[in-house]
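Take any residue in the sequence shown, count from 1 to its spot, add 654: that is its number in my numbering. Yeah, the Cβ is synthetic: ideal placement off N, Cα and C, and Gly gets one too. Heads up, the thing below is written out as structure tokens.
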Amino acid sequence: MNILFVGDVMGRAGRRALRKFLDKIVKKHKVDFIIANGENAAGGFGITEKTAEELYEYGIDVLTMGNHTWDNKDIFNFIDYNKRLIRPLNFPKNNPGRGWIRINKNGRDITVVNLIGQVYMNTHDSPYHKFMELYPAIKDSDIIIVDFHAEASGEKMAFARAVDGMVNAVIGTHTHVQTNDAQIFKNGTAYITDVGLTGAVESIIGMKIENMVEKMKTALPVRYEVATGEVKINSVLLEIDTENNITENIRIINKNNL
């Protein structure tokens, strides 16, 4: 079974990249299931119901979120009943939405878990302990994929090592810069520190270059805007042997029109 994990979708440019390239990737690599981080899909900050539905139309099976989950207030109108959108599991218990989802696709039970880090982020419960509380309820799944949305590389690595052999993959998101460390650990868990960005090529983490540079020069407040122009997809492909549910390979799949 081939599972594609698409890096953080940045605004209209990111959605355009999916519209332009995703179907080609699916056909070329015989993709069975698609996960994407959608926390920046609407204008670069948060997500709306309309935007989520657009992403589903492109073939996304599950959308994960992160620290920008609540940036667009429209999410409060649909997150509780949208069955394909999850937010970090270790958010406070009284937050709306859910932190994991199980979907049957092609006869396989696939569980996707969303977690958020603690280092250089807002205060959240321990991602490790919240995952361990959940694990007894999901360990019978055929496939388990974790989106670990965090700033610090070491925190992502530490979590992935801690759950090596318990899940099929831990995919890092948030920094929008793809790392060169896709690998499979000794107990079978696939890992990458950050899958990268789906959005504008000529940008700074998906935002207009001039705005970000202006803020660096002046240290004054600047309104960030999603960049436009040529677009790209950063993603990884997980190749899973369905006879024993073991992840055999993790491959970087990038596509742009340069």
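Closest residue to residue i among the options (Cα-Cα distance)
i      : options                           : result
ASP725 : ILE859, GLY697 and VAL685         : GLY697
VAL824 : THR852, PHE785 and LEU851         : PHE785
ILE714 : VAL680, PHE813 and GLY700         : VAL680
VAL890 : THR847, GLN837 and ARG905         : ARG905
ILE685 : LEU658, PRO750 and TYR789         : Checking the displayed sequence, the identity of residue 685 turns out to be Val instead of Ile. When each option's Cα is compared against that of VAL685, the closest is LEU658.
PHE687 : ILE792, ARG762 and ASN776         : ARG762
GLY692 : HIS683, ALA706 and MET866         : ALA706
HIS783 : ILE792, PHE813, SER807 and THR882 : PHE813
ILE846 : ASP677, ILE858 and ALA806         : ALA806
Nearest-angstrom Cβ-Cβ length linking residue i and residue j, presumed shorter than 8 Å
i      : j      : result
MET655 : ASN758 : Not really, about 12 Å apart at Cβ, beyond 8 Å.
THR852 : LEU672 : 7 Å
VAL855 : GLU884 : 4 Å
TRP754 : VAL773 : That belief does not hold up - the Cβ atoms of TRP754 and VAL773 are roughly 22 Å apart, past 8 Å.
HIS803 : ASN768 : 7 Å
GLU902 : GLU893 : 5 Å
ILE733 : GLY751 : 4 Å
ARG669 : ALA695 : 7 Å
Residue environment, residue i, which counts as buried when at least 16 other CB atoms sit within 10 Å
i      : result
PRO746 : exposed
THR872 : exposed
MET719 : buried
GLY819 : exposed
TYR735 : exposed
ILE900 : exposed
LEU709 : buried
LEU912 : With a pLDDT of 48 at LEU912, under the threshold of 50, the modelled position of this residue cannot be trusted; read the value that follows with caution. It is exposed - the Cβ of LEU912 has fewer than 16 other Cβ atoms within 10 Å.
LEU841 : Looking at the sequence itself, residue 841 is Asn, so the reference to Leu does not match. That one is exposed.
SER780 : exposed
ASN748 : exposed
LYS727 : exposed
ALA844 : buried
GLU809 : buried
Cross-strand partners of residue i (DSSP beta bridge)
i      : result
LYS909 : ILE887
GLU897 : Answer is none; GLU897 lacks a bridge partner.
GLY853 : LYS886
ARG756 : THR765
LEU892 : ILE657 and ILE904
VAL821 : ASP818
ASP801 : ASN768 and ILE825
ASN691 : THR718
LEU739 : LEU717
Chain D within 8 Å of residue i, Cβ atoms only
i      : result
ARG673 : Absence of chain D from the displayed structure is noted, only one protein chain being present.
Is it the case that the stretch 826-833 contacts the stretch 790-800, given that we only count it when at least three CB pairs across the two stretches are under 8 Å?
Segments in contact, no.
Does the structure place the stretch 661-678 close enough to the stretch 700-713 that three or more beta carbon pairs sit under 8 Å?
By the Cβ test, the stretch 700-713 is in contact with the stretch 661-678, since at least three Cβ pairs between them sit closer than 8 Å.
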